[in-house]
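Asker: Here it is, the structure in full.
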Amino acid sequence: MSLDEQTRDSILSAIPNLRAFAISLSGNVDRADDLVQETVLRALANIDSFQPGTNMSAWLFTILRNLFRSEYRKRRREVEDATGMYAESMKSQPEQASRLEFEELRAALARLPDDQREAVLLVGASGFSYEEAAAICGCAVGTIKSRVNRARNRLAELMSIESLEDFGPDQETRAVLTADN
Amino acid sequence: MKHKQDKAGSSASSSGSGGGERREGSKGSIDREGQIKLGILIRRMYEADLQKPPPEGITDLVKQFDKLREPSDEDSRA
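So this is what it looks like as structure tokens:
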């Protein structure tokens, strides 16, 4: 068995997204790298079970998500610290102005139940549709919608989100989002 | 991978407030503006993480997969 060029490229192109998802999911960069590496190893070992023409990214995210649930959940208590150690470990953002907000968000994400955190990250960050996220998590679409909704509300509560006006300089993104009503 | 920018800030859980003010002391739902703010923040955090290059060891696993799995010509001859 060998990797054809298209399969290899699709795995390689998915790695940054897998890693970004893993960082937010696990709350730790080193752990995220371990998680991504294990995901890639499993994917390569089981590449024959991947159906060409289907969504490679979704397949890899499914493997990563299942790995996290089975192997990393035990370590969750290390992340769920209210003392700020978790946020402290994540200080690696390039934009000084955004760093505090990112740290606050990461700390809030760490407080969410696993199922809500993965749902809001898959849909809100990784760009999967509700249907794709449901397939990745092995649950109904309605369940994903509910989890995303609860996650949003909990995050907003934890972060005391009140007004759009005091948020960041990203006018272009805001314009896109507000226009999509 | 496709990115649907307004997922976290979409109307799936709209409070129906039409972008009005967050209700003082309300719990359990956020308004449209709150959803937008949260969606933007999640996306920006994610984009920042995307900019971090993954360790070379991980990408090398994929790039060198065939070399690791298949014997070289010399090995085959031996």
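Protein chains in written order, with the working numbering: chain A, 1 to 181; chain B, 1001 to 1078.
We treat Cβ as the ideally placed atom computed from N, Cα and C, and that holds for glycine.
All values reported here derive from a predicted model rather than from experimental measurement.
#1: Please classify residue 54 (chain A) as buried or exposed, where buried requires at least 16 neighbouring CB atoms within 10 angstroms.
#2: When you compare the CB of residue 33 (chain A) with every CB in chain B, is at least one pair closer than 8 Å?
#3: Residue 108 (chain A): which of A:63, A:158, A:15, A:134 sits nearest, CA to CA?
#4: If you drop the 5 nearest sequence neighbours on each side, which residues of the same chain put their C-beta closer than 6 Å to that of residue 144 (chain A)?
#5: Where residue 127 (chain A) and residue 41 (chain A) are concerned, what is the direct C-alpha to C-alpha distance, given to the nearest angstrom?
#6: Counting only beta-carbon atoms, is residue 1066 (chain B) nearer than 8 Å to chain A?
#7: For a quick check, are the C-beta atoms of residue 121 (chain A) and residue 21 (chain A) less than 8 Å apart?
#8: Out of A:150, A:62, A:155, state which residue places its alpha-carbon closest to the alpha-carbon of residue 138 (chain A).
#9: Note down, in chain order, each residue of its chain lying with its Cβ closer than 7 Å to the Cβ of residue 57 (chain A), except the 5 sequence neighbours on either side.
#10: Taking 8 Å as the threshold (beta carbon to beta carbon), is residue 46 (chain A) in contact with chain B?
#11: Which whole-angstrom value is the C-beta distance of residue 101 (chain A) and residue 1041 (chain B), which I expect to be below 8 Å?
#12: With a threshold of 8 Å between beta carbons, is residue 153 (chain A) in contact with chain B?
#13: In its own chain, which residues sit with a C-beta less than 8 Å from the C-beta of residue 123 (chain A), not counting the 5 before and 5 after it?
#14: In whole angstroms, what is the alpha-carbon distance linking residue 125 (chain A) and residue 69 (chain A)?
#15: Check whether chain B comes within 8 Å of residue 65 (chain A), counting only Cβ atoms and requiring the distance to be less than that.
#16: Taking only beta carbons into account, state which residues of the region 94-127 of chain A come closer than 8 Å to chain B, listed in chain order.
#17: Please list, in chain order, the chain B residues whose beta carbon lies closer than 8 Å to that of residue 40 (chain A).
Answerer: Reading off the structure:
#1: Start at 1 with the first residue of the first sequence, and residue 54 (chain A) comes out as number 54. Around the beta carbon of residue 54 (chain A), fewer than 16 other beta carbons lie within 10 angstroms, which makes this residue exposed.
#2: For the purposes of this step, residue 33 (chain A) is taken as residue 33 along the first sequence, with counting starting at 1. Judged by the 8 Å Cβ criterion, residue 33 (chain A) is in contact with chain B.
#3: Counting from 1 along the first sequence, the entry for residue 108 (chain A) is found at position 108. Ranked by Cα distance from residue 108 (chain A), the first of A:63, A:158, A:15, A:134 is A:158.
#4: Numbered from 1 along the first sequence, position 144 holds the residue referred to as residue 144 (chain A). When the five nearest sequence neighbours on each side are left out, the beta carbons in the same chain lying within less than 6 Å of the beta carbon of residue 144 (chain A) are those of 119, 130, 133, 134, in order along the chain.
#5: Sequence index remark: in the first sequence, residue 127 (chain A) carries index 127 (1-based). Sequence index remark: in the first sequence, residue 41 (chain A) carries index 41 (1-based). Answer to the nearest angstrom: the Cα atoms are 24 Å apart.
#6: On the second sequence, residue 1066 (chain B) is found 66 positions in, with the first residue counted as 1. It does: the Cβ of residue 1066 (chain B) has a partner Cβ on chain A nearer than 8 Å.
#7: Within the first sequence, numbered from 1, the residue matching residue 121 (chain A) stands at position 121. Within the first sequence, numbered from 1, the residue matching residue 21 (chain A) stands at position 21. Against a cut-off of 8 Å, the Cβ pair of residue 21 (chain A) and residue 121 (chain A) comes out as a contact.
#8: Taking the first sequence and counting its residues from 1, one reaches residue 138 (chain A) at position 138. When only C-alpha atoms are compared, the closest one is A:62.
#9: Walking along the first sequence from the start, residue 57 (chain A) turns up at place 57. If we look at residue 57 (chain A) and ignore the five residues flanking it on each side, its Cβ neighbours are 14, 17.
#10: Against the first sequence, residue 46 (chain A) aligns to sequence position 46. No, residue 46 (chain A) does not count as interfacial toward chain B.
#11: Stepping through the first sequence from its first residue, residue 101 (chain A) is reached at position 101. Stepping through the second sequence from its first residue, residue 1041 (chain B) is reached at position 41. Right, their Cβ atoms sit about 6 Å apart.
#12: As a first step, residue 153 (chain A) is located in the first sequence; it is residue number 153 there, counting from the start. Residue 153 (chain A) counts as touching chain B.
#13: Here residue 123 (chain A) is taken as the residue at index 123 of the first sequence, counted from 1. Cβ neighbours of residue 123 (chain A) beyond the five flanking positions: 129, 130, 133, 144, 148.
#14: Residue 125 (chain A) sits at position 125 when you count from the first residue of the first sequence. Residue 69 (chain A) sits at position 69 when you count from the first residue of the first sequence. A straight line joining the alpha-carbon of residue 125 (chain A) with that of residue 69 (chain A) spans about 19 Å.
#15: Taking the first sequence and counting its residues from 1, the one referred to as residue 65 (chain A) is at position 65. Chain B contact via Cβ: absent.
#16: If the cut-off is 8 Å between Cβ atoms, the region 94-127 of chain A has 94, 95, 98, 101, 102, 105, 106, 120, 121, 123, 124, 125, 126, 127 near chain B.
#17: Within the first sequence, the letter at position 40 stands for residue 40 (chain A). Near residue 40 (chain A) (Cβ distances below 8 Å), the residues of chain B are 1058, 1061, 1062.
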